[in-house]
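From first to last, the protein sequence lines are chains A and B.
According to the working numbering, the first sequence is numbered sequentially starting from 19.
According to the working numbering, the second sequence is numbered sequentially starting from 15.
We put the beta carbon where it would ideally sit given N, CA and C, even for glycine.
This one's a predicted model, so the numbers in the text were calculated from it and none came from an experiment.
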Amino acid sequence: AQKVTQAQTEISVVEKEDVTLDCVYETRDTTYYLFWYKQPPSGELVFLIRRNSFDEQNEISGRYSWNFQKSTSSFNFTITASQVVDSAVYFCALSEARGSQGNLIFGKGTKLSVKP
Amino acid sequence: EPEVTQTPSHQVTQMGQEVILRCVPISNHLYFYWYRQILGQKVEFLVSFYNNEISEKSEIFDDQFSVERPDGSNFTLKIRSTKLEDSAMYFCASRDRTSGGYEQYFGPGTRLTVT
Numbered sequence: 019a020q021k022v023t024q025a026q027t028e029i030s031v032v033e034k035e036d037v038t039l040d041c042v043y044e045t046r047d048t049t050y051y052l053f054w055y056k057q058p059p060s061g062e063l064v065f066l067i068r069r070n071s072f073d074e075q076n077e078i079s080g081r082y083s084w085n086f087q088k089s090t091s092s093f094n095f096t097i098t099a100s101q102v103v104d105s106a107v108y109f110c111a112l113s114e115a116r117g118s119q120g121n122l123i124f125g126k127g128t129k130l131s132v133k134p
Numbered sequence: 015e016p017e018v019t020q021t022p023s024h025q026v027t028q029m030g031q032e033v034i035l036r037c038v039p040i041s042n043h044l045y046f047y048w049y050r051q052i053l054g055q056k057v058e059f060l061v062s063f064y065n066n067e068i069s070e071k072s073e074i075f076d077d078q079f080s081v082e083r084p085d086g087s088n089f090t091l092k093i094r095s096t097k098l099e100d101s102a103m104y105f106c107a108s109r110d111r112t113s114g115g116y117e118q119y120f121g122p123g124t125r126l127t128v129t
């Protein structure tokens with residue numbers, strides 16, 4: 019069965035601190051995709067990144083970086099030098115390639131509060 | 015930049031009434047989805063739609079729900095007889111057909127309040 023676990027319900031940091039959001043997934047499929055979405059207080063869902071199961075390279079985009087480890091079934095998200103604008107709920111999601119039309123299975127989300 | 019749009023942004027309805035939520039996916043996308051998010055909870059998959067038919071649906075998507083693509087641009091979700099527990103944010107999403115893609119682009123959502 020497919021499942022995404024975000025164990026951290028809420029995290030609070032002070033601006034300029036680094037913060038890591040954890041994501042652990044379960045799937046029986048050998049080909050799958052992992053995602054992070056951001057949901058700011060305004061409510062929309064903003065796509066941040068996609069990772070394919072066959073590509074374990076970590077990725078950096080500005081202050082954001084992602085660490086994909088198949089051995090531990092984890093896809094963690096780090097924000098370096100956090101800013102108040104990073105305050106949002108962050109969702110990790112999984113999509114299996116086989117027998118699926120790409121529907122996303124979301125974790126419960128981690129609410130990040132960045133205080134000035 | 016193309017985006018998914020949804021109308022209305024907020025819908026208030028009485029229990030037992032029918033509602034139709036509307037979405038305009040990104041124009042060259044071929045896969046369409048509805049998700050819902052009960053306040054403070056995770057986003058849940060409802061249904062996917064491809065080639066003018068439902069391709070997958072969750073157990074939430076019972077006989078009270080239906081989807082339609084009435085023309086070349088709109089994608090609708092109908093709830094036949096709303097219940098209090100249908101109160102949620104409903105998101106429409108779409109994606110294109112690239113083989114390695116699967117990332118979906120979401121609309122801003124419709125907040126449905128059933129009283």
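Going along the chain, which residues of its own chain have a beta-carbon closer than 6 Å to the beta-carbon of A/Thr38, five neighbours each way excluded?
Same-chain partners within the cutoff: Asn94 and Thr96.
Cβ atoms of A/Gln24 and A/Ile123: under 8 Å apart, would you say?
Not in contact: A/Ile123 and A/Gln24 (Cβ atoms no closer than 8 Å).
Expressed to the nearest angstrom, what Euclidean distance is found between the alpha-carbon atoms of A/Gly127 and A/Leu112?
If you take the alpha carbons of A/Gly127 and A/Leu112, they lie about 13 Å apart.
For a contact defined as C-beta to C-beta under 9 Å, what are the partners of A/Gln119 on chain B?
What A/Gln119 touches in chain B: Tyr45, Tyr47, Ser62, Phe63, Tyr64, Ser69 and Glu70.
On the premise that A/Tyr51 lies in contact with A/Asn76, defined as a C-beta separation below 8 Å, what is that separation, rounded to the nearest angstrom?
No, A/Asn76 and A/Tyr51 are not in contact; Cβ-Cβ is about 16 Å, not under 8 Å.
Just list the beta strand (DSSP E) runs in the segment 16-71 of chain B, keeping only unbroken ones of 3 residues or longer that don't cross its boundaries, in chain order.
Qualifying beta strand (DSSP E) stretches, in chain order: 19-21, 24-27, 33-38, 45-51, 57-64 and 67-71.
From the DSSP output, in three-state form, read off B/Glu99 for me.
In this structure, B/Glu99 counts as helix in the three-state DSSP scheme.
By DSSP's criteria, A/Ser30 is part of a beta bridge. Which residues make up the other side?
The partner list for A/Ser30 (beta bridge, DSSP) reads A/Ser131.
Measure the alpha-carbon distance for B/Val128 versus A/Phe72 and round it to whole angstroms.
When rounded, the distance between both Cα atoms is 44 Å.
Would a check of beta-carbon distances place B/Glu82 closer than 8 Å to chain A?
Taking Cβ atoms only, chain A never reaches closer than 8 Å to B/Glu82, which makes this a no.
Whole angstroms are fine: how far does the CA of B/Thr27 sit from the CA of B/Pro16?
For B/Pro16 and B/Thr27, the distance between alpha carbons rounds to 30 Å.
Name the DSSP bridge partner or partners of B/Ser108?
B/Ser108 pairs with B/Phe46 and B/Tyr119.
Could you tell me which chain B residues have their CB closer than 7 Å to the CB of A/Ser113, listed as they occur along the chain?
Those within 7 Å of A/Ser113 in chain B are Tyr116.
Does the segment 30-48 of chain B come within contact of the segment 50-66 of chain A, defined as at least 3 CB pairs closer than 8 Å?
With a cut-off of 8 Å, the segment 50-66 of chain A and the segment 30-48 of chain B do not count as touching, because too few Cβ pairs lie within range.
Among residues of its own chain, excluding the 5 on either side of B/Glu32, which ones have a beta-carbon nearer than 8 Å to its beta-carbon?
Closer than 8 Å at Cβ, skipping near neighbours: Lys92, Ile93, Arg94, Ser95 and Thr96.
Take B/Val81 and list the residues in its own chain whose beta-carbon comes closer than 6 Å to its own, dropping the five residues that flank it on each side.
Around B/Val81: Val61, Phe63 and Leu91.
Could you tell me whether the Cβ of B/Pro122 comes closer than 8 Å to any Cβ of chain A?
Yes, its Cβ sits closer than 8 Å to a Cβ of chain A.
At which residue ranges does the segment 74-110 of chain A contain complete beta strand (DSSP E) runs of 3 or more residues, listed in the order of the chain?
DSSP runs (the beta strand (DSSP E)) wholly in the segment 74-110 of chain A: 77-79, 82-87 and 92-97.
Given a cut-off of 8 Å, decide if A/Val132 and A/Val11 are closer than it, judged by their beta-carbon atoms.
A query on residue 11 of chain A cannot be resolved here, the shown segment of chain A reaching from 19 to 134 and no further.
Under 8 Å, Cβ to Cβ, is there at least one residue of chain D near A/Arg116?
Reference to chain D is not applicable here, since the protein chains of this structure are A and B.
For A/Ala99, count the other beta carbons within 10 Å of its own beta carbon; 16 or more makes it buried, fewer makes it exposed. Which is it?
That one is exposed.
Give the C-beta separation of B/Arg50 and B/Ala102 to the nearest angstrom, bearing in mind that I take them to be a contact with Cβ-Cβ under 8 Å.
Correct: roughly 4 Å between the Cβ atoms.
For B/Arg94, name the three-state secondary structure that DSSP assigns.
B/Arg94 falls in the coil class under three-state DSSP.
Taking CB distances under 8 Å as the criterion, tell me whether A/Tyr43 reaches chain B.
It does not: the Cβ of A/Tyr43 has no partner Cβ on chain B nearer than 8 Å.
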